[in-house]
Amino acid sequence: MVHEPGIEMFYGVLDPNSFLYMRRFNISKAVDQHRSLQESFKEMGVEVLKLKELIINSSRTNPSFRKFLETTALNYIKFEGDGEVEKKAKGFIKDIEDLDDETLFNVILLSPTVLSHEALGTSDYFTRILNEEPLANLYFTRDQSIITDKGLIIGRMSKRARSRETVMIKLGFLALGEKPIKEISEPAFLEGGDYLALDDFVIFGTGDRTSIGGIVQAMEAVDFDEVIVAYNPVLEHYNDYALTMHLDMYINSPKQGVIVGNPDILSNTTVDVYEKKEKGYTRKKKCSLLSYLKSKGLRIISVSLGEQLLYATNFLTLKDGKFISPDVKRNLNGVKEYLARRNYEDLLNKLKLKDEVFPETREVREEGLDFIVVDVSELTGGFGGIHCMTTGIRKN
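According to our numbering, the stretch in the sequence shown is residues 7 to 402, in order.
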């Protein structure tokens, strides 16, 4: 499932920091890149479902879903000011059945507040529309949910700017007839970028976006022999959690038995290992993520810290040994701009790339991996790669 960016992205580039973006970027090019990414998926035999289309089409064909969409939209529109506010609010409720499905979608997307004030000396009203926290990050559909071996978990976003996204993704899954087996409750947080399921174990990342409490809740909805809780590392002496905000920013798996990551980062990432017992999971040991992976016999495809910062690990595995990767080299200028603006001189120096850059490296060839590379350099301005922009519906 993906969400093709719309008007909400406009708000993100107006104020990148508030909307958790890395930088300003070209929206038209970003949308074109997203459409090209969708076409690449289709060419590789993947069925692509678009969130907005799912919700609108289900609303048109399913009366009960339409009613639920109306009820949900009413939670995200407000009328304020001195211009017959109560009358206008009641009028909107009365007329909601006349509104088209896309309008209801946009109400949830933008969360408008209609502000009306009397114009002095006239009988007119001055009206402003304030869109309260438009969902500028909705195209990162990875983070609002997790598909576990038992079913769908709806997460809880740690940042206010993204909190309403779980409402949207839940609507998308309900449109498919998929009901969550669990929804993370406050005060805990859980985001899908902090989840990596492997063979007989699963890794949860915890840090700025996912709390231990969220992982504990999610552990009730998984059935693996071991659960690994990785404490997402902060790079060197920089107190910038965004660069390793999620697990998928520094580790991924393109094939059973193979991990892609930077060995130094993996070595500096502390994990707690939990073992499944009769009454649930109990803590078994603490170690580094790298040592744990090696103890499981996994092979490591090394990427440099520079490649990691350029979203090398943020690829999407389509099936065992086949993945779609960001064009790492094309991400260079955007990441450079961010690091320079933050005065991260040491990290800037580590962006010097070798002749061979992931995934076009000897190690990838030796593993016999099949991949295609797609340019998402404008889209990464929102602070995420291809893995961030997708969520699976089913896992076989």
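Glycine included, each C-beta is placed from N, C-alpha and C at the ideal position.
Since this is a predicted model, take the numbers as computed values, not measurements.
* To do: Below 6 Å CB to CB, which residues in the same chain sit around Ala318 once its five sequence neighbours on both sides are set aside?
  => Within the same chain, Ala318 has close Cβ partners Val309, Val334, Phe364.
* Distance, Pro118 Cα to Asp88 Cα -> A straight line joining the alpha-carbon of Asp88 with that of Pro118 spans about 17 Å.
* Count the other C-beta atoms from every protein chain shown that fall within 10 angstroms of the C-beta of Ala125, then say buried if there are 16 or more, exposed otherwise. => It counts as exposed.
* Hey, how far is the Cα of Val341 from the Cα of His243? -> Here the C-alpha atom of Val341 lies approximately 18 Å from the C-alpha atom of His243.
* Between Glu226 and Lys93, what straight-line distance do the alpha-carbon atoms span, to the nearest angstrom? -> Taking the straight line from one Cα to the other gives about 47 Å.
* Asked: Relative to the C-alpha of Ile330, which residue among Asn258, Leu80, Phe195 is closest?
  -> That would be Asn258, whose Cα lies nearest to the Cα of Ile330.
* Status (buried if at least 16 other CB within 10 Å, exposed otherwise) for Ile114 -> Taking a 10 Å sphere around the C-beta of Ile114, we find 16 or more other C-beta atoms and assign the residue as buried.
* Asked: Going straight from the alpha carbon of Val264 to that of Glu369, what length do you get?
  -> Between the alpha carbons of Val264 and Glu369 lies a gap of roughly 11 Å.
* Please classify Thr276: does DSSP put it in a helix, a strand, or coil? => Strand at Thr276.
* Does the separation of the CB atoms of Ile102 and Glu138 fall below 9 Å? -> In this structure, Glu138 does not lie closer than 9 Å to Ile102 by Cβ.
* Asked: Can Gly219 and Ala142 be called in contact, C-beta distance under 9 Å?
  -> Cβ distance not < 9 Å, so Gly219 and Ala142 don't count as in contact.
* Asked: Do Phe321 and Gly391 come within 9 Å of each other at the CB atom, strictly closer than that value?
  -> The Cβ atoms of Gly391 and Phe321 lie closer than 9 Å to each other.
* To do: Measure the beta-carbon distance from Glu197 to Gly157 and round it to whole angstroms, keeping in mind my assumption that it falls under 8 Å.
  => About 18 Å separates the beta carbon of Glu197 from that of Gly157, a gap too long to meet the 8 Å contact definition.
* **Member of Leu385, Thr397, Arg400 whose CA lies at the smallest distance from the CA of Ser42** => Selected option, being the one with the closest Cα: Leu385.
* Proximity to Ser24 [Cα-Cα], best of Arg166, Ile187, Gln39, Ser70 -> In this structure, Arg166 is the residue among Arg166, Ile187, Gln39, Ser70 with its C-alpha nearest to the C-alpha of Ser24.
* Asked: Can Met174 and Arg215 be called in contact, C-beta distance under 9 Å?
  -> Contact flag unset, no.
* Asked: Between the C-alpha atoms of Asp254 and Arg305, what's the straight-line distance to the nearest angstrom?
  -> Those two C-alpha atoms are separated by around 17 Å.
* Rounded distance between the beta-carbons of Leu144 and His9, thought under 8 Å -> Rounded to the nearest angstrom, the Cβ distance from His9 to Leu144 is 5 Å, consistent with a contact under 8 Å.
* Asked: Between which two residues does the beta strand (DSSP E) harbouring Ala236 extend?
  -> For Ala236, the enclosing beta strand (DSSP E) starts and ends at 232 to 237.
* For Val228, which option in Asn238, Tyr247, Phe207, Gly213 has the closest C-alpha, if you only look at C-alpha atoms? -> It is Phe207.
* **Thr128 classed as buried or exposed, judged by whether at least 16 other C-beta atoms fall within 10 angstroms** => Using a 10 angstroms sphere on the CB of Thr128, the tally of other CB atoms stays under 16, which defines it as exposed.
* Asked: Cα separation between Thr172 and Lys58?
  -> Near 14 Å, if we compare the C-alpha coordinates of Lys58 and Thr172.
* Asked: Quick one: Cα of Asp205 to Cα of Ser191, how far?
  -> So the two alpha carbons sit approximately 28 Å from each other.
* To do: Pull up the CB-CB distance for Ile135 and Val120, whole angstroms please, since I reckon it's below 8 Å.
  => About 6 Å separates the beta carbons of Ile135 and Val120, which is inside the 8 Å limit, making them a contact pair.
* Asked: Measuring CA to CA, which of Lys358, Arg348, Asp326 is closest to Asn337?
  -> The residue among Lys358, Arg348, Asp326 with its C-alpha nearest the C-alpha of Asn337 is Lys358.
* Assign Leu272 to one of two classes, buried (16 or more other C-beta atoms within 10 Å of its C-beta) or exposed (fewer than that). => Buried, since its Cβ has 16 or more Cβ neighbours within 10 Å.
* Does DSSP put Glu49 in a helix, a strand or coil? -> Glu49: helix per DSSP, three-state reduction.
* **heavy atom of the ligand SAH below 8 Å from Met395 C-beta** => The ligand SAH is not among the ligands present in this structure, which contains no ligands whatsoever.
* Tell me whether His243 sits in a helix, a strand or coil according to DSSP, three-state version. => Coil at His243, not helix or strand.
* To do: Please state whether DSSP places Pro69 in a helix, a strand or coil.
  => Note: Pro69 maps to helix in three-state DSSP.
* Asked: What are the uninterrupted segments assigned as beta strand (DSSP E) that are 3 or more residues long and contained completely in the segment 161 to 206, given in chain order?
  -> For the segment 161 to 206, whole beta strand (DSSP E) runs of length 3 or above, ordered along the chain, are 201 to 203.
* Under 6 Å Cβ to Cβ from Tyr287, same chain only, skipping five residues before and after it: list those, please. => For Tyr287, same chain residues with a beta-carbon under 6 Å away, outside a window of 5 residues either side, are Met225, Val233, Tyr280 in chain order.
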